[in-house]
Structures are given as C-alpha cells and as structure tokens.
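Peer 1:
Chains as they are written, first to last, in my numbering: chain A, 12 to 332; chain B, 2 to 323.
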C-alpha cells in the first residue's frame, strides 16, 4: 500500500508540470503588460521597458517558463506583481479559510445527506422519500449565492443569530458553510438513495434476510458498506472542488479564501499568483483523490487486491489490524 | 401467491399443495418460470416487498401456520428453523464481508447464549465440514471459486441445523464435478442432522440422485407428485411429465433432432379456467379447457389429469408442513 501511495504521489509531478505549463501560456495570451500593471498608468514607456527587461519578459515564453520551473523547484514560486509578497505565503494565508469552509460544507452534507439518502431508499415512495427528493431538487436548482443572501437576510439581519460577513470566529462560518453545502448535500442524498436502492435489491441482501437478520441490521451491516463506494467518490470529488475555493460564496460572505484570491489575481494579470494558486489547487485535488482511492480499498476488499498482491494483503493487513 | 405490479398481476403459484416429512427430501421440478422459486420464497416469506403477496392458503411448519406470523417472528424462524440456499453463489454472498463472519452471523442472530469463542469454534467446524480450511475464514468471497462459494452459502444455511432446508437450484451454477460434491454433501447432512429438504431443480438427474419424493410443477401448479420411483418408473404420468422425459435426449439412439414440448407456458397474468397444460397437451379435449382436472391417485402417486388411469382422489387443501 505504501508503495502504491508513493507511486501516486510521484504521478502528481507530471500533472503539476502540465497545469503550470497550461496556465503560464494562457496567462501570456491574455492582454495587458505586467510591467505596466506594476508601475501604474502614469509610468514612462522607458521605465516600463526597463522593468520588462529586468523581469525577463522580453525573453521567449519557453525560456520564461523554464526559468520559472527551475526557480519553483528550489521553492521560489515568485512574488506577486500586485503586493510584492511571496505568492506561496499569500496562498498559505488564504488556504485555511477555504479549507474550513470546504470541510464544514462537506461535513454537513455527509452527516445529514447519507442518513436521509438511506431512509429515502429504504422507504421508497413514502412521504419522507418524496419530501427529500423535492428538497434536494430545490437545493440543486437554485444558485448558491441566492441561498447565501436568503440565509443572510433571515439569520443575520432579522434574527441576528449569526454575523453576516467576515471570518474571524466559528459563528462566521455557520452561514457560509450551510450555503456552500447546499449542492453537495443534495448530491449526497441522491447518490446515497440511488446506490442504496440498488444494493437493497442485491442477492446478498436476500441471503442476509434469510439468515433471520432484522431490517436495521441488514441495512447497517450489509447494504450500507456496499453502497458507500459511489457516495465516497462523490463526497471526495466535491471536497476537492470546494478546496479549490468557492468564489461566489466567498464574495457574498466576504471571506478571504483561495477562490477570491485567484479571481483577483486573474483580473490583475498577476501571473505568479495565478500559476502558483492553480498549481496548489491541483496538488490538493490530487491528494484528495489519492485519499479517496486509499479509502476505497478499506471499504471494498476486492479493490485492495488490485493494488497489492493478494497473499500479502490477507496476512500483513490482518496482523496490522 | 401473486406478484402485483402496476401493469399486471402475475399468478405465480396457484393452489400448490404438498408436504415434507422429517428427514425427507422433496424435489420440485419444472421448467424456468414455473413458480418453483416463488414457492420457496413464500415459505421463507421473502417475497419482494409490496409486490409478492400470498393471497390464500396455509404454510404449516411443525403445526404452526407461518403465513400469519409477524415479521419479527419470521426473523426468528429464518435461518433457525427454515433456511434457504440460493441459486447463484456468485451474488449471494456479501462481497465486502469476510466469509467467516457471514457464517458466524447466523449463530450471532439465533444462538445468543453462545460466547464469542464458541461461535468462532463452531464456525471453524462448519467450514471444515464443507471442506474449506478454517484459516481461510478471513478471506472475502471473491477469493473463492464458484463451488467453494456455493458451499459457503450452504454452510450459512446449515449453521443452525434447521428443520427445513430450501435449496433453490443449488447446483445450477456449478460444473458437473462440483455438482456431485455439493449434492453428496447435502445428502450427508440430511442423514446426519435429520434435516428435511426441498430441492428445487430442473434437472432429472439431480432429482434421481437425491430426492425421496418429487413434485412436478407447471405454471404454478403441481401436476404430478410421488416418490422418485413413481416418477421414473410409475404406471401412469401427467402428459407434461411425459413431455419432460421426452425432451431429454437419448444418447443410445442416433437422432438428429431434440424433442421439445411444443408451445410455451401459458401467460401467467391470465388465470387459466381449465387445465393449465391443455394448450400444449397432445391428449387435450374440449373439457380440459373448461374445467380444472381432478387429482387421481394410486399409492400416494398423484397425477392431476382427468385422463389418468389412476382412480380419483380427494384433493387436499393447500398445506405445506413438516
């Protein structure tokens, strides 16, 4: 298993190179001159030219890219054109906000969505099922910022239970996390319901019933674990996406997260910031995917044998456990 | 017993009546879709929720009618008094649970007085009995062959030494050598534990090898019932049984074609007024389409055909008991 994880981490390197290459060239295609942006509108053409020479902007793109990568390998991802700060520090300052938001949203979605999905599947076509299907449809069909604004009006302006904007305390995260979880929550209900519906009709469930197991036990001990695989895939994917920053929600609630950072950097053609931030998001996505894949093997023993030699699994894993 | 869907009602089992004595094995034989599995699922009360319904009749287990039993009471009966071996061993085991745990679960459910050690020991014994080394109990179903999986399914069914074992085509998914092994094992268990067996099959060879008595099922009805000897060597048979035997290819004669029974099974959504086999029966007369046939019997060998040579018998009520 360790070897597999290592292999997957090594595989991230070409992915990161690809991402950075793409971003670098796309940014160079967009209009605007970084030197002009740094020096401002009223700088003379000579000053701009001098700065361009100093920054190496007159070299060919390939040379610029190679120079960037060699610096990046030494841990220098450049400084922001806008603030003059090292971009890595800026990203690490922003990331905790995004991380808290994402984990909060996914937790809400998982903790509520999975049980509701299970109940919906087990009591198919009951009023609970119909209600949860309607709710999940409403949740997916409206844009997130609208929910954000509604929650803000009700809970921040009228009831004054939670602050409307900012990110300084736990209370500040309640409304944004709920808003951000809407989509994922609906997705969790639907995924759990549909996979459970499939699993509770499987032959092994009938075997479990034939053993004399009661309904609750059949669901908890037999169907659920089999149904979890797609659910975890969706939850992991959503988590990965949310970690990339939620631009709209961050803007609505004025949270200084990664999403707004990237958007601002793009607007200002701040190439080092954009490239580094996107690379960072890429790494995070890769790591989340890896975690999900490793989780799979703990849920489904059939997958484990694909990663590790079967004999080694049954012995060493057992001893470890 | 009916299956009710939005589109139609399927009359799957109609007025089937038979009994199984202690330590006896009864074969249910019939073609695909005749209602054999529906009979077994009715006895287990595991018909699909809200679709499969037992509309009448009684299922007596040791004198008690289990059609009236509540779900909780049924949970105590399933696996403990009546258990079932399912058709497809590939899908009948939980893919993410160790096989040892799957066997042990039955004990956990029905033998609460056993300690953890006792249960583990018993599980090991059961595994050894079905010829799987006890060390392999920590492996998962996908690590076993089809025949081994079927033996594990059988082990689950036998863990609590039930009174009645319903075996739904236990050998269909297996190749011939494993078939023989599994049948021999079931026979051995019948003798050792005194279990009654209902063996569902469409294979006459399996019936001949293992069953004391045989019921031939056609379109959800019993058309002939008797001892295995009656079925193979009896004086008279139902035309359907004759047809079934006729469709077994004879290896001693050089024939170019097989002899199937002409036609198809009647539409199960329409309840036949007369004999359900009349459409395909070479001897059918006008009266067969109008009236249900009477039961004719000789020394316990019953044939449900009005043209049987056997004398008429009273039809028993719909009961199934041990």
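In this text, a Cβ means the ideal position worked out from N, Cα and C, and glycines have one as well.
Touching or not, the segment 139-148 of chain A and the segment 167-187 of chain A, by the rule of three or more beta carbon pairs under 8 angstroms?
Peer 2: Taking 8 angstroms as the limit for Cβ pairs, the verdict is that the segment 167-187 of chain A does not touch the segment 139-148 of chain A.
Peer 1: Scan the segment 88-122 of chain B for residues whose Cβ lies nearer than 7 angstroms to a Cβ of chain A and list them as they occur along the chain.
Peer 2: So the close ones are 89, 92, 93, 94, 95, 96, 97, 106, 107, 110, 111.
Peer 1: Tell me whether residue 65/B sits in a helix, a strand or coil according to DSSP, three-state version.
Peer 2: Correct three-state label for residue 65/B: strand.
Peer 1: Taking the CB atoms as reference points, tell me whether residue 34/A and residue 203/A lie closer together than 7 angstroms.
Peer 2: No, the Cβ-Cβ distance between residue 34/A and residue 203/A is not below 7 angstroms.
Peer 1: For the segment 297-312 of chain A, enumerate the residues whose C-beta is nearer than 8 angstroms to any C-beta of chain E, in chain order.
Peer 2: In the displayed structure, chain E is absent; the protein chains listed are A and B.
Peer 1: Whose C-alpha, out of 289/B, 174/B, 215/B, 211/B, is nearest the C-alpha of residue 192/B?
Peer 2: For the residues 289/B, 174/B, 215/B, 211/B, the minimum Cα distance to residue 192/B belongs to 211/B.
Peer 1: Going by the beta-carbon positions, is the gap between residue 219/B and residue 278/B smaller than 7 angstroms?
Peer 2: It is a contact, given that the beta carbons lie within the stated cut-off.
Peer 1: Could you tell me whether the segment 61-78 of chain A touches the segment 26-42 of chain A, using the rule of 3 or more Cβ pairs below 8 angstroms?
Peer 2: They touch, by the three-pair rule.
Peer 1: For residue 54/B, name the three-state secondary structure that DSSP assigns.
Peer 2: In the structure shown, residue 54/B sits in a strand (DSSP, three-state: E or B).
Peer 1: Name the chain B residues that come within less than 7 angstroms of residue 233/A, Cβ to Cβ?
Peer 2: Under the 7 angstroms cutoff, chain B gives 95.
Peer 1: Which residues, taken in chain order from the segment 139-150 of chain B, show a beta carbon closer than 8 angstroms to some beta carbon of chain A?
Peer 2: Those would be 139, 140, 141, 143, 144, in chain order.
Peer 1: Pick from 23/A, 169/A, 117/A, 212/A: whose alpha carbon is nearest that of residue 257/A?
Peer 2: Nearest of 23/A, 169/A, 117/A, 212/A to residue 257/A, Cα basis: 117/A.
Peer 1: Rank 265/A, 244/A, 282/A, 249/A by C-alpha distance to the C-alpha of residue 307/A and give the top, closest one.
Peer 2: Considering only alpha carbons, the answer is 244/A.
Peer 1: Between residue 89/A and chain B, is the shortest Cβ-Cβ distance under 7 angstroms, so that the two count as touching?
Peer 2: Closer than 7 angstroms: no.
Peer 1: Taking buried to mean at least 16 other C-beta atoms within 10 Å of its own C-beta, is residue 67/A buried or exposed?
Peer 2: So residue 67/A ends up on the exposed side.
Peer 1: So residue 68/B packs on residue 78/B, CB below 8 angstroms; how close in whole Å?
Peer 2: At roughly 12 angstroms, the Cβ-Cβ gap does not stay under 8 angstroms, so residue 68/B and residue 78/B are not in contact.
Peer 1: Nearest to residue 268/B by alpha carbon, out of 6/B, 3/B, 11/B, 5/B?
Peer 2: That would be 11/B, whose Cα lies nearest to the Cα of residue 268/B.
Peer 1: Considering just the uninterrupted stretch of the beta strand (DSSP E) at residue 1/B, what are its terminal residues?
Peer 2: Because chain B here runs from 2 to 323, residue 1/B falls outside it and cannot be looked at.
Peer 1: Can you say whether residue 152/A is buried or exposed, counting buried as having 16 or more other CB atoms within 10 angstroms of its CB?
Peer 2: Classification for residue 152/A: exposed.
Peer 1: Measure how close the beta-carbons of residue 229/A and residue 216/A come, nearest whole angstrom, since I'm counting them as under 8 angstroms.
Peer 2: Going by Cβ atoms, the distance from residue 229/A to residue 216/A rounds to 6 angstroms, so yes, they are a contact pair.
Peer 1: Quick one: what does DSSP say residue 132/B is sitting in, helix, strand or coil?
Peer 2: Coil.
Peer 1: Counting only beta-carbon separations shorter than 7 angstroms, does residue 200/B have a partner in chain A?
Peer 2: Output row for residue 200/B: interface = no.
Peer 1: Can you grab the Cα-Cα spacing for the pair residue 124/A / residue 199/A, in whole Å?
Peer 2: Rounded to the nearest angstrom, the two C-alpha atoms are 5 angstroms apart.
Peer 1: Determine, for residue 85/B, whether the minimum Cβ-Cβ distance to residues of chain A falls below 7 angstroms.
Peer 2: Yes, its Cβ sits closer than 7 angstroms to a Cβ of chain A.
Peer 1: How long is the line joining the alpha carbons of residue 221/B and residue 45/B, rounded to whole angstroms?
Peer 2: The alpha-carbon atoms of residue 221/B and residue 45/B are separated by roughly 17 angstroms.
Peer 1: What are the uninterrupted segments assigned as alpha helix (DSSP H) that are 4 or more residues long and contained completely in the segment 145-225 of chain B, given in chain order?
Peer 2: Listed in chain order, the complete alpha helix (DSSP H) runs (minimum 4 residues) inside the segment 145-225 of chain B are 147-159, 177-194, 205-211.
Peer 1: What in chain A is Cβ-close to residue 79/B, meaning under 8 angstroms?
Peer 2: Here the neighbours are 220, 221, 222, 223.
Peer 1: Do residue 24/A and residue 290/A have their C-beta atoms closer together than 7 angstroms?
Peer 2: Contact flag unset, no.
Peer 1: With DSSP as the reference, label residue 97/A as helix, strand or coil.
Peer 2: Residue 97/A: strand per DSSP, three-state reduction.
Peer 1: Just the Cα atoms here: how many angstroms apart are residue 252/B and residue 260/B?
Peer 2: So the alpha carbons of these two residues sit roughly 13 angstroms apart.
Peer 1: Using a Cβ cut-off of 7 angstroms, pull out every chain B residue sitting near residue 217/A, in sequence order please.
Peer 2: Residues of chain B passing the Cβ test: 47, 87.
Peer 1: For the alpha helix (DSSP H) containing residue 4/B, list its first residue and its last residue.
Peer 2: It is not in any alpha helix (DSSP H) - residue 4/B instead sits in the beta strand (DSSP E) that spans 3-5.
Peer 1: Under three-state DSSP, which class holds residue 228/B?
Peer 2: It is a strand residue.
Peer 1: Short of 7 angstroms in beta carbon distance, which residues of its chain neighbour residue 174/A, apart from the five on each side in sequence? Order them along the chain.
Peer 2: For residue 174/A, where only same-chain residues beyond five positions count, the Cβ hits under 7 angstroms are 167, 182, 183.
Peer 1: Given the structure, does residue 134/A come close to the ligand ADP, in the sense that its CB is under 6 angstroms from one of the ligand's heavy atoms?
Peer 2: This structure simply doesn't include the ligand ADP, nor any ligand for that matter.
Peer 1: How many Å lie between residue 57/A and residue 248/A at the Cα?
Peer 2: When rounded, the distance between both Cα atoms is 49 angstroms.
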